[in-house]
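Taking it in order: structure first as structure tokens, then the write-up.
Number of protein chains: 2
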Amino acid sequence: MSSYRFCLERGGRDGPRAGRLVMPHGEIPTPAFMPCASRAVVRACAPDDLASVGVETMVCNTHHLRLRPGADVVASLGGLHAFMAWSGPLATDSGGYQAFSLAGPGAVSEDGVKLRSPVDGSLVFLSPEESVRAQEALGADVAVALDLCSPYPVTHDQAREHVQQTLRWAERCRAAHRREDQWLWGVVQGSVHADLREFSARETAALGFTGFGVGGLSVGESRGEMLAALEVAVAHLPPEAPRWVMGVGTPRDLVECVLRGADLCDCVLPTRMARHGSVLGRDGALKIGNAEYRTDPRPLDDECDCPACRLYSRAYLHHLFRLEEAAGWRLLSLHNLRYYARLIERIRGAVAEGTLQDLLAELPAWTRRDLEGAEE
Amino acid sequence: MSSYRFCLERGGRDGPRAGRLVMPHGEIPTPAFMPCASRAVVRACAPDDLASVGVETMVCNTHHLRLRPGADVVASLGGLHAFMAWSGPLATDSGGYQAFSLAGPGAVSEDGVKLRSPVDGSLVFLSPEESVRAQEALGADVAVALDLCSPYPVTHDQAREHVQQTLRWAERCRAAHRREDQWLWGVVQGSVHADLREFSARETAALGFTGFGVGGLSVGESRGEMLAALEVAVAHLPPEAPRWVMGVGTPRDLVECVLRGADLCDCVLPTRMARHGSVLGRDGALKIGNAEYRTDPRPLDDECDCPACRLYSRAYLHHLFRLEEAAGWRLLSLHNLRYYARLIERIRGAVAEGTLQDLLAELPAWTRRDLEGAEE
Numbered sequence: 259m260s261s262y263r264f265c266l267e268r269g270g271r272d273g274p275r276a277g278r279l280v281m282p283h284g285e286i287p288t289p290a291f292m293p294c295a296s297r298a299v300v301r302a303c304a305p306d307d308l309a310s311v312g313v314e315t316m317v318c319n320t321h322h323l324r325l326r327p328g329a330d331v332v333a334s335l336g337g338l339h340a341f342m343a344w345s346g347p348l349a350t351d352s353g354g355y356q357a358f359s360l361a362g363p364g365a366v367s368e369d370g371v372k373l374r375s376p377v378d379g380s381l382v383f384l385s386p387e388e389s390v391r392a393q394e395a396l397g398a399d400v401a402v403a404l405d406l407c408s409p410y411p412v413t414h415d416q417a418r419e420h421v422q423q424t425l426r427w428a429e430r431c432r433a434a435h436r437r438e439d440q441w442l443w444g445v446v447q448g449s450v451h452a453d454l455r456e457f458s459a460r461e462t463a464a465l466g467f468t469g470f471g472v473g474g475l476s477v478g479e480s481r482g483e484m485l486a487a488l489e490v491a492v493a494h495l496p497p498e499a500p501r502w503v504m505g506v507g508t509p510r511d512l513v514e515c516v517l518r519g520a521d522l523c524d525c526v527l528p529t530r531m532a533r534h535g536s537v538l539g540r541d542g543a544l545k546i547g548n549a550e551y552r553t554d555p556r557p558l559d560d561e562c563d564c565p566a567c568r569l570y571s572r573a574y575l576h577h578l579f580r581l582e583e584a585a586g587w588r589l590l591s592l593h594n595l596r597y598y599a600r601l602i603e604r605i606r607g608a609v610a611e612g613t614l615q616d617l618l619a620e621l622p623a624w625t626r627r628d629l630e631g632a633e634e
Numbered sequence: 259m260s261s262y263r264f265c266l267e268r269g270g271r272d273g274p275r276a277g278r279l280v281m282p283h284g285e286i287p288t289p290a291f292m293p294c295a296s297r298a299v300v301r302a303c304a305p306d307d308l309a310s311v312g313v314e315t316m317v318c319n320t321h322h323l324r325l326r327p328g329a330d331v332v333a334s335l336g337g338l339h340a341f342m343a344w345s346g347p348l349a350t351d352s353g354g355y356q357a358f359s360l361a362g363p364g365a366v367s368e369d370g371v372k373l374r375s376p377v378d379g380s381l382v383f384l385s386p387e388e389s390v391r392a393q394e395a396l397g398a399d400v401a402v403a404l405d406l407c408s409p410y411p412v413t414h415d416q417a418r419e420h421v422q423q424t425l426r427w428a429e430r431c432r433a434a435h436r437r438e439d440q441w442l443w444g445v446v447q448g449s450v451h452a453d454l455r456e457f458s459a460r461e462t463a464a465l466g467f468t469g470f471g472v473g474g475l476s477v478g479e480s481r482g483e484m485l486a487a488l489e490v491a492v493a494h495l496p497p498e499a500p501r502w503v504m505g506v507g508t509p510r511d512l513v514e515c516v517l518r519g520a521d522l523c524d525c526v527l528p529t530r531m532a533r534h535g536s537v538l539g540r541d542g543a544l545k546i547g548n549a550e551y552r553t554d555p556r557p558l559d560d561e562c563d564c565p566a567c568r569l570y571s572r573a574y575l576h577h578l579f580r581l582e583e584a585a586g587w588r589l590l591s592l593h594n595l596r597y598y599a600r601l602i603e604r605i606r607g608a609v610a611e612g613t614l615q616d617l618l619a620e621l622p623a624w625t626r627r628d629l630e631g632a633e634e
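Residue numbers (this note's numbering), protein chains in the order written: chain S, 259 to 634; chain A, 259 to 634.
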């Protein structure tokens, strides 16, 4: 039997689902959320901090880690799990998203993609085979085939090109992948074009993948467009396979995606918001840097059990934030990660009880305006 | 009976001593070391981190906290202990040292001192009475009378002026101090001039203080000059009173000071070194940013029980340091604080056994050269 599998326990092709992802480094219930440890660290937090706030798994960035410290360096140290001293499941992305955000025009060819190095700004080449080789060296439980993320907006012709390129690379990744203790997932692209999302989902599934990323979302399109694209993609993926909605999103986005069949989401939002002083709570985002919190003795959230809420006042966290103190970024990050972890627990409960729409109605309006200051 | 007292259990006027400082927020054995939580936070570390690495007490900075968040703000939140969620003893300095490091020429008058604000660069005035008032509002266990620290080098005439000014301010501080649950200590100055150190010690003691800081050390003079000045000062202080050697120092300095009768030391060194990647260990300072550690799977120190050593490799800490990651600063700071805490335990043991000279011989040579990169 394979060292990884997905057990779908509730739901089917469409709508909310629940299950278990069984992976070489452990089993997690779904739906699940993965914080981003892009450079093998969730920013400002040590890996041992994370389990204490209910983090179950993380996603690391292949492009960043391949350059620093280097995939072979990580492999020589026993892989990402040993390197980070994290015993639970991990995923790596393909590095393809960085083609979208870091590379210039003309950077993509049939062979692969030229990416901008975040270390020294030079251009480095990434082929499908090299993406797989690097991810095998990193050794996460879930690896992802190299994909090409369409920018937004994009013409239908361009988006079709990106889908077809992603399919050709996916095939090469399947052929290159060797590790039997690592699960290689294919990625659906197609921007907001329904026919392309359907085509991408069908053809990626036809390549034989047993797990799927839905990529190219939350890159500038409206929430309505994003959710419509997701709906089409999942409608044409095998229901028994897990679906990771990549790079999404806000607390409301999480619920919306699970309503449409997502099993896994990842996003930098909780920790990025924390570094900008946006604290997640029942009533929306509290901006801890605001003057009103300077003398506020209350915890961030009196129902939260994270270290920031158990031990410190808003006034102290305001003070640390105004000092631009690393200790403050960490405490606020742990709070926001705890918020996401508790939200995922509530989402699981609501899936079981069929009350996900009610949960959505209870959440504050996480519009882009709500997140002002949290966006890069 | 007073809520604070010093119980001297071993030693006398000169040489190594051991005892207990009993304070409103707890009792600590001496000799003791106080990390600097200048802005009510040991940089990069949360207060709850500190007890776990053996920190027993801390010193906060009156000048900084008076301006941000404000002494009255801290008082309204229940004082520094409640603000920081730290239940153990705390000390505050007088703000006087900042006259040395922050103020310009002509900033000192009989009334007090003009200090540069670290918040907005403006000049703010601090009188002896205001220093006491702010420290009473902050509410640490130990407060310090406003002193004037001589720069180095300084003429005998100037240093005598600074001593006499410090004495006149000390008298005003004694008169202004009201809190019975707070211990007000006087400060000995006099630079490297033996006759002035003697005069300052005798006259400060004559004012009736029952605890003493020895200030104006480690400001540029040689280690030999520093230790000679300390020797003269303690020889003329009442043996039954505790002595805090302020702003000193390296691990070797700690032992040297205890050899000469110090009960308490404080220094930013362990955390400042950590932020510069200097890791304290048996063999001296390990520079974690060096390329040799990129692939080193060993802990920083295989005999250390801090979180960094228990959980992570040099390779991972090297990675975090090279990323300039706040998580790395914290872990390295906790390690260095643990080193100091264990060193102080060894110092106490050596005082009890009369083997402090042997301990000094075992320590690596913490010369200024050893600390390259750790100095500001």
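Cβ atoms here follow ideal geometry from the backbone N, Cα and C, with glycine treated the same way.
For residue i, which residues of its own chain have a beta-carbon under 6 Å away from its beta-carbon, when the five flanking residues on both sides are left out?
i: R271(A); result: P497
i: R278(A); result: C265, E285 and P287
i: L578(S); result: A585 and G586
i: G469(A); result: W441, W443, A499 and P500
I'd like to know whether the C-beta of residue i is nearer than 8 Å to at least one C-beta of chain S.
i: A298(A); result: yes
i: H577(A); result: yes
i: V313(A); result: no
i: E550(A); result: no
i: L590(A); result: no
i: S334(A); result: yes
i: Y574(A); result: yes
i: P565(A); result: yes
i: W427(A); result: no
Indicate whether at least one CB of chain A lies closer than 8 Å to the CB of residue i.
i: F341(S); result: yes
i: I546(S); result: no
i: V331(S); result: yes
i: T553(S); result: yes
i: D306(S); result: yes
i: S571(S); result: yes
i: E583(S); result: yes
i: L325(S); result: no
i: A302(S); result: yes
i: R580(S); result: yes
i: P557(S); result: no
What residues in its chain sit with their C-beta under 7 Å from that of residue i, if we drop five residues either side in the sequence?
i: L592(A); result: C303, D307, V311, C564, P565 and A566
i: A619(S); result: none
i: E387(S); result: R430 and A434
i: G346(A); result: H283, G284, E314 and T315
i: A329(A); result: L323, A392, A395 and L396
Here's the rule I'm using: 16 or more other beta-carbon atoms within 10 Å means buried, otherwise exposed. How should residue i be labelled?
i: L373(A); result: buried
i: F467(S); result: buried
i: L381(S); result: exposed
i: N413(A); result: As written in the sequence, residue 413(A) is Thr, which differs from the Asn given in the question. Classification for T413(A): exposed.
i: P282(S); result: buried
i: E314(A); result: buried
i: Q416(S); result: exposed
i: F383(A); result: exposed
i: V377(A); result: exposed
i: R627(A); result: Model confidence at R627(A) stands at a pLDDT of 40, short of 50, so the residue's coordinates are unreliable and nothing is read from them.
Just to confirm my understanding: we take residue i, look at its own chain, exclude 5 residues before and 5 after, and list those with CB closer than 8 Å. What are they?
i: V331(A); result: none
i: L617(S); result: V513, R604, I605 and A608
i: A623(S); result: R510 and G542
i: L517(A); result: G273, P274, L614, Q615 and L618
i: Q423(S); result: V366, E368 and L406
Roughly how far, in whole angstroms, is the beta-carbon of residue i from the beta-carbon of residue j, given that I think they are within contact range, below 8 Å?
i: L527(S); j: V537(S); result: 13 Å between Cβ atoms; not a contact.
Using 8 Å as the threshold, is the region 429 to 447 of chain S in touch with the region 397 to 407 of chain S, meaning 3 or more CB pairs across them? yes
If you pair each beta-carbon of the region 298 to 316 of chain A with each one of the region 585 to 596 of chain S, do three or more pairs fall below 8 Å? yes
Report yes or no: do three or more beta-carbon pairs, one from the region 481 to 501 of chain S and one from the region 532 to 551 of chain S, lie closer than 8 Å? no
Check whether the region 313 to 326 of chain S and the region 289 to 304 of chain S are in contact - that is, three or more C-beta pairs closer than 8 Å. yes
How do the region 453 to 467 of chain A and the region 506 to 526 of chain A stand: do at least 3 beta-carbon pairs fall below 8 Å, yes or no? no
Under 8 Å, with one C-beta from each stretch per pair, do the region 446 to 455 of chain S and the region 479 to 489 of chain S reach the 3-pair mark? yes
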